[in-house]
Amino acid sequence: MSQQYPALLVIVPLLSALLISIAGWVNKKLCFPIAVAALSVAALSSVGLLLRVLDEGVVLYRLGGWDPPFGIAYYVDHLNGLILNVVSFVALFNLIAAKKSVEQEFPEKIGPFYTLYVLMVTGLLGIVVTGDAFNLYVLLEIAALTGYGLLAMGEDRAPLSSLNYLYMGTIGACFYLLGVGYLYIVTGSLNMVDIAGILPNLYQSKAVLAALIICMVGVWLKMAFFPLHAWLPNAYTYAPSAASSLIAPLVTKVMIYVMIRLVLTVFTPKYAFDTLVISHSIVWLACIAIVMGAILALAQRNLKKMLTYVIVAEVGYMVGGFWLGNRDGMTGAILHIVNDALMTLCAFLVVSNIVYKVKGHKFEDLKGLFRTMPFTMGAFVVAALSIIGVPPTCGFFSKWYLISGGISAGQYGFVVALLFSSLINVILFFRIIEIAFYEPFGNDHAHTSQPECIKEAPLTMLIPLLIVAVGLVIVGVYTSDIVTHIIQFAIPKGIL
Amino acid sequence: MSDLVSTIIANYNYWIYITLMMIGLYAMIAKNNLVKKIVGMNIFQTAIILFYVSIGAKRGATIPILEHAHNGHGHGAASHMVHAVDYINPLPHVLMLTAIVVAVATLGVALALAIRVYNRYNTLEEDEILAQIREK
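Protein chains in written order, with the numbering used here: chain A, 4 to 499; chain B, 248 to 383.
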């Protein structure tokens, strides 16, 4: 059984998605348990895989018994072993938390929602686990197409912003496909490890350079790297809360994983950092992304939209940290994938709880929430501290690695951008805490005399949220273990 | 000059795909109607499919089926040397079957979203939709 973990990871959610769509016709009550079971199997397989990787090193799985490079192979190493766990657990927690809000927001679409949800997780897990460049494209489109459907279920402008996302997402995926085509022309292979073995003789080739640039632009479009971010805020803001709390933490992070995988495994760091001289300019682009994301977030009067711009800034952290090209920067970037997925999940679960009770996510809707929803807002404070980067929450540690990477690479602009964005985050989140804690001010004394009763979200929404909030601190405390046992091995030895 | 012309002619498949891609991209950026944008997106995807299909082709080669591979005797296949040059490369074509399916699915989702947008705003012109959003 344990030999089959990489296949189970993708097959079980894929088949159960079909099962859920059938169950949706028979009895809507069946959909949720099937989805939970499927994602639990995926989560257990990813834990089992990570343990195996820690024991034995890289796990190679041949689909259908065909040897690479002719068959499709799944490679699991320390890097994607870690990301697999993040994806499957974030998806599982969010699924449990989403139950009530799905029933409230679109009771008649429960079946389709869970089908798309599980299919999307299939796509994301597949992107992370696969070792084949073209297979990655197909899974990318599975994740993207289901994502458009999930986002479009929302209110008001959701279909329009989802359509805009579809245009941009398709261009991004097509660019990636084109880059893979250039690689295929020069190497004749689609297997990532195989391509990496053939490429060293072709480093002078213009086609390889074109492939790298085209792939990077495509992936940046998909991850909403700053000048290419325009689709993200609206698509995530108007989405139903259960969908946005799945997509916001995972999609951008998985695309950053794809970027790291392409550079580390396919193009190899020697080519990307030594032969080409593009890493400095990309770090500067990341600085602009961080600063602009922070400034645009400051201009918002809507909690959910503000958080989407925070994501744009965080994408800048990870892209910049990775392209610093030293061990600290890459450790920071990979650690930040984990941390940012958890932080964003926590923040979006809070939004989903607030929407469930208050039916809105504008700043005016947040007044007095500390009294009515103390646990939710408590989790929000933890998420806010983590996004700002206050120890002992996990956000502090990845930011620490990123900053020390920036200093040792001599990229002081990046360090300044990180600190600037942290300061802006302080303003962003304390403004919300202030609104939720102190307002309404004394203008309606008559009402405040009545003791306000607690109107918390239901327990199935609250418990996953609190687990994630506690998890933020636990991951922070055990950061050194994650780095020494996992991330250290994820980065090639040549990088100092 | 003649060098340039001969390079262009020798690689005409790349020029065609780039031209098609730019037409698609132009439609997606400049057109006002949502369905025209979707058509542009489809042209964009088709351009990449053409690119892949063209890189598998070879002059004077045939479809990749070995004619005498199974003639009843075990040593039959070995007696015929297989020259890769005689056969076109089937792999890009097979990949594009998948890409075509993806393109069709994307087109379907995009048109479904366009219907939702039309039901909401009673128009598919982007400027009119934006004007309606701004009014509120």
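Ideal Cβ placement from N, Cα and C applies to all residues, glycine included.
Can you tell me whether residue 63 of chain A is helix, strand or coil according to DSSP? The three-state secondary structure of residue 63 of chain A, taken from DSSP, is strand.
DSSP on residue 10 of chain A, reduced to helix/strand/coil? The answer is helix: DSSP assigns residue 10 of chain A an H, G or I state.
Determine the contact status of residue 129 of chain A and residue 15 of chain A, defining contact as a CB-CB distance below 8 Å. No, the Cβ-Cβ distance between residue 129 of chain A and residue 15 of chain A is not below 8 Å.
My output table needs one value for residue 199 of chain A: the three-state DSSP class, helix, strand or coil. Judged by DSSP in its simplified three-state form, residue 199 of chain A adopts helix.
If you draw a straight line from the alpha carbon of residue 369 of chain A to that of residue 324 of chain A, how long is it in whole angstroms? So the two alpha carbons sit approximately 34 Å from each other.
Closer than 8 Å, CB to CB, is residue 371 of chain B near chain A or not? Among the residues facing chain A, residue 371 of chain B is not included, as its CB has no counterpart in that chain under 8 Å away.
Closest to residue 269 of chain A by C-alpha separation, out of A/320, A/307, A/252 and A/206, would be which residue? Answer by Cα proximity: A/206.
Answer yes or no: do residue 172 of chain A and residue 209 of chain A have a C-beta to C-beta separation smaller than 8 Å? The Cβ-Cβ distance between residue 172 of chain A and residue 209 of chain A does not fall below 8 Å.
Using beta-carbon positions only, say whether residue 134 of chain A and residue 195 of chain A come within less than 8 Å of one another. Yes, the pair counts as a contact, with Cβ atoms nearer than the cut-off.
Of all the alpha helix (DSSP H) runs that stay within the bounds of the region 365-449 of chain A, which reach a length of 4 or more residues? Runs of the alpha helix (DSSP H) spanning 4 or more residues and lying entirely within the region 365-449 of chain A occur at 372-375, 377-391, 397-411 and 415-441, in chain order.
Would you be able to state if there are at least three C-beta pairs under 8 Å between the region 327-343 of chain A and the region 418-434 of chain A? Judged by pairs of C-beta atoms under 8 Å, the region 418-434 of chain A does not touch the region 327-343 of chain A, as fewer than three such pairs exist.
Could you check whether the Cβ of residue 269 of chain B sits closer than 8 Å to any Cβ belonging to chain A? With 8 Å as the cut-off, residue 269 of chain B does not count as an interface residue toward chain A.
Listing by chain order, which chain B residues have their CB less than 7 Å from the CB of residue 162 of chain A? The contacting residues are 360, 363, 364 and 367.
Answer with yes or no whether the minimum CB distance from residue 313 of chain B to chain A is below 8 Å. No - not a single Cβ of chain A is within 8 Å of the one on residue 313 of chain B.
Is it the case that the region 138-152 of chain A contacts the region 175-192 of chain A, given that we only count it when at least three CB pairs across the two stretches are under 8 Å? These segments touch.
If you draw a straight line from the C-alpha of residue 386 of chain B to the C-alpha of residue 282 of chain B, how long is it? For chain B, the structure presents residues 248 to 383; residue 386 of chain B sits outside this window and is missing.
Residues that DSSP places opposite residue 346 of chain B in a beta bridge: Partner(s): none; residue 346 of chain B has no beta bridge.
Contact list for residue 544 of chain A against chain B, beta-carbon separation under 9 Å: Chain A is shown from 4 up to 499; residue 544 of chain A falls before or after that span and cannot be answered.
Going by beta-carbon coordinates alone, are residue 356 of chain A and residue 233 of chain A separated by less than 8 Å? By the CB criterion at 8 Å, residue 356 of chain A and residue 233 of chain A fall outside the cutoff.
Within 8 Å, do at least three Cβ pairs link the region 40-53 of chain A to the region 81-89 of chain A? Touching, per the Cβ criterion.
Check whether the region 185-192 of chain A and the region 149-160 of chain A touch, using three or more Cβ-Cβ pairs below 8 Å as the test. Two segments are said to touch when three or more pairs of C-beta atoms, one from each, lie closer than 8 Å; by this definition the region 185-192 of chain A does not touch the region 149-160 of chain A.
Supposed contact pair residue 493 of chain A and residue 250 of chain A - C-beta distance, whole angstroms, cut 8 Å: Residue 493 of chain A and residue 250 of chain A do not touch by the CB rule: their CB atoms are close to 25 Å apart, not below 8 Å.
At what residue ranges does the region 254-332 of chain B contain a whole run of the beta strand (DSSP E), taking only runs of 3 or more? Fully enclosed beta strand (DSSP E) runs of 3 or longer: not present.
With DSSP as the reference, label residue 78 of chain A as helix, strand or coil. In the three-state reduction of the DSSP assignment, residue 78 of chain A falls in the strand class.
Residue 327 of chain A to residue 283 of chain A span [Cα, whole Å]: Within the model, the alpha-carbon separation for residue 327 of chain A versus residue 283 of chain A is close to 7 Å.
By the 9 Å beta-carbon criterion, what residues does the region 327-344 of chain B contribute toward chain A? Cβ contacts with chain A come from 336, 338, 339 and 342.
So with CB distances below 7 Å, who are the chain A contacts of residue 297 of chain B? Residues of chain A whose Cβ lies closer than 7 Å to the Cβ of residue 297 of chain B do not exist, since the nearest Cβ in that chain is about 11 Å away.
Since residue 346 of chain A contacts residue 390 of chain A with CB under 8 Å, what's their CB separation in whole angstroms? Rounded, the Cβ-Cβ distance is 5 Å, consistent with contact.
What is the rounded straight-line gap between the Cα of residue 228 of chain A and the Cα of residue 313 of chain B? Those two C-alpha atoms are separated by around 48 Å.
Around the Cβ of residue 262 of chain B, are there at least 16 other Cβ atoms within 10 angstroms (buried) or fewer (exposed)? So residue 262 of chain B counts as exposed.
Near-chain B residues of the region 131-156 of chain A (beta-carbon distance less than 7 Å), N- to C-terminal order: Listed by position along the chain: 137, 141, 144, 148, 151, 152 and 155.
Chain-ordered chain C contacts of residue 254 of chain B [CB-CB under 8 Å]: Looking at the structure shown, chain C is missing, and the protein chains on hand are A and B.
Using DSSP bridges, identify the partner residues of residue 372 of chain B. Beta-bridge annotation (DSSP): residue 372 of chain B is paired with B/280.
Is residue 329 of chain A helix, strand or coil when you go by DSSP? Looking at residue 329 of chain A - three-state DSSP - the assignment turns out to be coil, as it is neither helix nor strand.
Express the C-alpha separation of residue 371 of chain B and residue 274 of chain A in angstroms, rounding to a whole number. Residue 371 of chain B has its alpha-carbon roughly 46 Å from the corresponding atom of residue 274 of chain A.
Within this structure, are the beta carbons of residue 307 of chain A and residue 254 of chain A separated by less than 8 Å? With contacts defined by Cβ atoms closer than 8 Å, residue 307 of chain A and residue 254 of chain A do not form a contacting pair.
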